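In the numbering used here, the protein residues as written are 498 to 1017. Some notes on the structure that comes next.
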Ligand code: XMP
């Protein structure tokens, strides 16, 4: 087993441990390693200790990049206990400098190297098989490693800084650049060399294997007499969760679909059709009035998330009352959800995503989250493997609390209808132009502010609708999509002419960070 904490060494399946010195960098490395067919986990630098060797068969260790400087007193550090275990090690950027430091080297502040930089290979090594003598890499640093004892310098930057080193006769490496980003064109080749050639880990992390492991784990967790409840939303995460549970426990799976009135237009029947095609027949609960009446007038978005969580829990409780053998609630939480919700130390709480934190304390079903170690692209691959219909796989992510998080300021049914209609228009226009499948999310948002307009020669005061269309790989970072003006114009014209009380359409041009994808 790869996920359980109590499993000792599974020699066949070596795990790559990524020591996390700063959020996004570490996630990207973890994803790249998994794409190479090897399971990887993130461990915060302050939790990296010998106990990791009892939990996993560690095949390689990577020190991630991060925003700090090893020259600062309070910078994140680790001791050198792992250097002599004969486990291959790779330090990246901050990790490269920290590795040099704990090896007894010297680090200095230098000229910053940012963006594409050319490096020269000056000594041959397996790490660089497939690289030319000069290659472009992505750099982002101003500290540099001046000296490391007992090491061979493998590559130099344009400023003659050490771009890569290897400790003599050991599989310990540092690279100043970022091989995990696409702007280092041969970065994947380097990671492949490190994982497959140097660490000798054979690929095994493929959908079939992942599915079997997950099913095995679910079976181990759920006792024979107990049932599992899955609230399906029509999205890929809850659908895959339900299918996995079904494969693991058969008819001890109970699925429920709550229509909370916060879904997109026409979505309820579309979702039910899709779920039926995937072999899931949920109990349908129409709770529109209950949700919308409770939300009416509520200002604070976090409060709305709490209300939605509470009402969901109330509905689940009623179902459990009828069938007391339901002891578990399965959720489609993903690896990044856990990190973004602040359940990992040092990660700030940004939003309490409904999946993770929205359920009230009185709700006492045991929680199982079969996907919680997976990234979205892995869930997609599993979904294809399980035969999930394509329109579920390709559907844009949609928050659990639905359109309620797309209303800024006071929640009103009027604003809900504006958002619903405007989002539908955004989706229709993008689908018409073949753009929908190319972007991560596309929707509309409305706030309380008004803009004076002229409709049919009369002064009209109306709402401002903000259209947000973003590109992203996993929702953790995102960029606004450069949609052609003519298409934006079409969206704007349709929204102002088809939705009464909207006088202005704005397009959001802020990436994440600093913004988040949803407005609240
Ligand atoms: P943010 O807005 O935090 O969103 O940049 C990142 C991704 O998560 C989705 N999201 C949610 N999903 N419950 C969910 O299940 C929520 O409360 C929630 N808030 C945001 C969002 O749509 C995006 O894909």
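Positions of the beta carbon are idealized from the N, C-alpha and C atoms, including for glycine. Since this is a predicted model, take the numbers as computed values, not measurements.
Inset, instruction - Verify the contact flag: residue 1015, CB atom, against every heavy atom of ligand 1, threshold strictly below 7 Å. - result: Along the chain shown, read from residue 1 onward, the residue named residue 1015 stands at position 518. Yes, the Cβ of residue 1015 comes within 7 Å of a heavy atom of ligand 1.
Inset, instruction - Would you mind reading off the limits of the alpha helix (DSSP H) that contains residue 803? - result: In the chain shown, counting from the first residue as 1, residue 803 sits at position 306. Here the alpha helix (DSSP H) through residue 803 covers 798-819.
Inset, instruction - Decide yes or no for the touch test of the stretch 695-714 against the stretch 630-648: beta carbon pairs closer than 8 Å, at least 3 of them. - result: Between the stretch 695-714 and the stretch 630-648, the count of Cβ pairs shorter than 8 Å is below three; the stretches do not touch.
Inset, instruction - Report buried or exposed for residue 771, applying the criterion of at least 16 other Cβ atoms within 10 angstroms of its Cβ. - result: Against the chain shown, residue 771 aligns to sequence position 274. It is buried - the Cβ of residue 771 has at least 16 other Cβ atoms within 10 Å.
Legend entry - Coil, strand or helix - residue 542 by DSSP: As a working note, residue 542 is residue 45 in the chain shown. Residue 542 falls in the helix class under three-state DSSP.
Inset, instruction - Could you tell me whether any non-hydrogen atom of ligand 1 is closer than 7 Å to the CB of residue 1009? - result: Working through the chain shown from its first residue, we reach residue 1009 at position 512. Correct: residue 1009 has its Cβ closer than 7 Å to ligand 1.
Legend entry - Within 8 Å, strictly: CB atoms of residue 597 and residue 669: By one-based count along the chain shown, residue 597 stands at place 100. By one-based count along the chain shown, residue 669 stands at place 172. Contact: no.
Inset, instruction - Compute the minimum distance between the beta carbon of residue 594 and the heavy atoms of ligand 1, and state whether it is under 7 Å. - result: Here residue 594 is taken as the residue at index 97 of the chain shown, counted from 1. Answer for residue 594: no, Cβ out of range of ligand 1.
Inset, instruction - Could you tell me whether any non-hydrogen atom of ligand 1 is closer than 7 Å to the CB of residue 972? - result: Numbered from its first residue, the chain shown carries residue 972 at position 475. Yes, the beta carbon of residue 972 sits closer than 7 Å to at least one heavy atom of ligand 1.
Inset, instruction - Check whether the Cβ of residue 727 sits closer than 7 Å to any heavy atom of ligand 1, and report yes or no. - result: In the chain shown, the residue the question calls residue 727 occupies position 230. No, the beta carbon of residue 727 sits no closer than 7 Å to any heavy atom of ligand 1.
Legend entry - residue 594, enclosing alpha helix (DSSP H) - first and last residue: For the purposes of this step, residue 594 is taken as residue 97 along the chain shown, with counting starting at 1. Judged by DSSP secondary structure, residue 594 falls within the alpha helix (DSSP H) whose first and last residues are 591-599.
Legend entry - Residue(s) in a DSSP beta bridge with residue 908: Here residue 908 is taken as the residue at index 411 of the chain shown, counted from 1. Note: residue 908 sits in no beta bridge, so no partner.
Inset, instruction - Measure the C-alpha to C-alpha separation of residue 940 and residue 923 and round it to an integer number of angstroms. - result: The sequence position of residue 940 within the chain shown is 443, counting from 1. The sequence position of residue 923 within the chain shown is 426, counting from 1. Between residue 940 and residue 923, the C-alpha separation is close to 6 Å.
Inset, instruction - Quick one: which unbroken beta strand (DSSP E) runs of 3-plus residues sit fully inside the stretch 655-736? Chain order, please. - result: Whole beta strand (DSSP E) segments, 3+ residues: 659-664, 669-672 and 724-728.
Inset, instruction - Enumerate in chain order the residues of its own chain whose CB-to-CB distance from residue 600 is below 6 Å, with the five nearest sequence positions on each side excluded. - result: On the chain shown, position 103 is the one that residue 600 refers to. Within the same chain, residue 600 has close Cβ partners 645.
Legend entry - Inter-residue CB distance, residue 801 and residue 789 (contact presumed, cutoff 8 Å): The residue given as residue 801 occupies position 304 in the chain shown. The residue given as residue 789 occupies position 292 in the chain shown. About 11 Å separates the Cβ atoms of residue 801 and residue 789, ruling out a contact at the 8 Å cut-off.
Inset, instruction - Starting from residue 941, follow its DSSP beta bridges and name the residues at the other end. - result: Counted from its first residue, the chain shown places residue 941 at position 444. DSSP lists 964 as partners of residue 941.
Legend entry - Limits of the beta strand (DSSP E) - the one that residue 881 falls within: Position 384 of the chain shown, counted from the start, is the residue given in the question as residue 881. Residue 881 -> not in any beta strand (DSSP E); alpha helix (DSSP H) instead, spanning 873-883.
Legend entry - Contact test: residue 828 Cβ vs ligand 1 heavy atom, cutoff 7 Å: Taking the chain shown and counting its residues from 1, one reaches residue 828 at position 331. With a cutoff of 7 Å, residue 828 does not count as near ligand 1, since its C-beta is closer than that to no heavy atom of the ligand.
Inset, instruction - State whether the stretch 538-549 contacts the stretch 645-658, with contact taken as three or more CB pairs (one from each stretch) at a distance under 8 Å. - result: Touching, no, given that fewer than three Cβ pairs across the two stretches are closer than 8 Å.
Inset, instruction - Quick one: using the 10 Å Cβ neighbour count with 16 as the cut-off for buried, is residue 942 buried or exposed? - result: Looking up residue 942 in the chain shown gives position 445. Buried, by the Cβ-count rule.
Legend entry - Assigned exposure category for residue 949 - 16 Cβ within 10 Å defines buried: If you number the chain shown from 1, residue 949 lands on position 452. Burial call: exposed.
Legend entry - Top-ranked residue by Cα proximity to residue 926, from 955, 740, 988 and 753: Looking up residue 926 in the chain shown gives position 429. The closest CA to that of residue 926, considering only 955, 740, 988 and 753, is found on 988.
Legend entry - First and last residue of the uninterrupted beta strand (DSSP E) at residue 517: The residue given as residue 517 occupies position 20 in the chain shown. Residue range 512-517 is occupied by the beta strand (DSSP E) that includes residue 517.
Inset, instruction - Please list, in chain order, all residues of the same chain as residue 906 whose beta carbon is under 7 Å from its beta carbon, the five residues on each side excluded. - result: The residue labelled residue 906 in the question sits at position 409 within the chain shown. Counting only residues of its own chain and dropping the five nearest sequence neighbours on each side, residue 906 has a CB closer than 7 Å to the CB of 796, 944 and 945.
Legend entry - Continuous beta strand (DSSP E) stretch holding residue 551: start and end: Mapped onto the chain shown, residue 551 falls at position 54. Careful: residue 551 lies outside any beta strand (DSSP E), inside the alpha helix (DSSP H) at 548-552.
Inset, instruction - Flag this pair as yes or no: are the beta carbons of residue 738 and residue 885 separated by less than 8 Å? - result: By 1-based counting over the chain shown, the position of residue 738 is 241. By 1-based counting over the chain shown, the position of residue 885 is 388. Contact annotation: residue 738 and residue 885 have beta-carbon atoms that are not nearer than 8 Å.
Inset, instruction - Below 6 Å CB to CB, which residues in the same chain sit around residue 893 once its five sequence neighbours on both sides are set aside? - result: On the chain shown, position 396 is the one that residue 893 refers to. If the five residues before and after residue 893 are omitted, its C-beta is found closer than 6 Å to the C-beta atoms of 938, all from its own chain and listed in chain order.
Legend entry - Three-state secondary structure assigned by DSSP to residue 613: To locate residue 613, count along the chain shown from 1; it is residue 116. Residue state, collapsed to three classes: strand.
Inset, instruction - Tell me whether residue 733 is buried or exposed, calling it buried when 16 or more other Cβ atoms sit within 10 Å of its Cβ. - result: On the chain shown, position 236 is the one that residue 733 refers to. Label assigned to residue 733: buried.
Inset, instruction - Please go through the same chain and pick out, in chain order, the residues whose beta-carbon is closer than 7 Å to the beta-carbon of residue 868, but skip the five residues on each side of it. - result: As a position in the chain shown, residue 868 is number 371, starting the count at 1. Only 734, 737, 738, 829, 830, 831 and 876 meet the Cβ criterion.
Inset, instruction - May I ask whether a heavy atom of ligand 1 can be found less than 7 Å away from the beta carbon of residue 1030? - result: Lying outside 498 to 1017, the shown extent of the chain, residue 1030 is not represented and no answer is given.
Inset, instruction - Could you please give me the residues that DSSP links to residue 783 through a beta bridge? - result: Taking the first residue of the chain shown as 1, we reach residue 783 at position 286. The partner list for residue 783 (beta bridge, DSSP) reads 756.
Inset, instruction - Would you mind working out which of 718, 765 and 704 sits nearest residue 457, comparing C-alpha positions? - result: Past the boundaries of the shown model lies residue 457; the chain is included only from 498 to 1017, so the question cannot be answered.
Legend entry - Sheet register partners of residue 638 (DSSP bridge): Counting from 1 along the chain shown, the entry for residue 638 is found at position 141. Under the DSSP definition of a beta bridge, residue 638 partners with 610.
Inset, instruction - Note down, in chain order, each residue of its chain lying with its Cβ closer than 6 Å to the Cβ of residue 563, except the 5 sequence neighbours on either side. - result: As a first step, residue 563 is located in the chain shown; it is residue number 66 there, counting from the start. Excluding the 5 residues flanking it on each side, residue 563 has same chain C-beta neighbours closer than 6 Å at 518, 519 and 591, in chain order.
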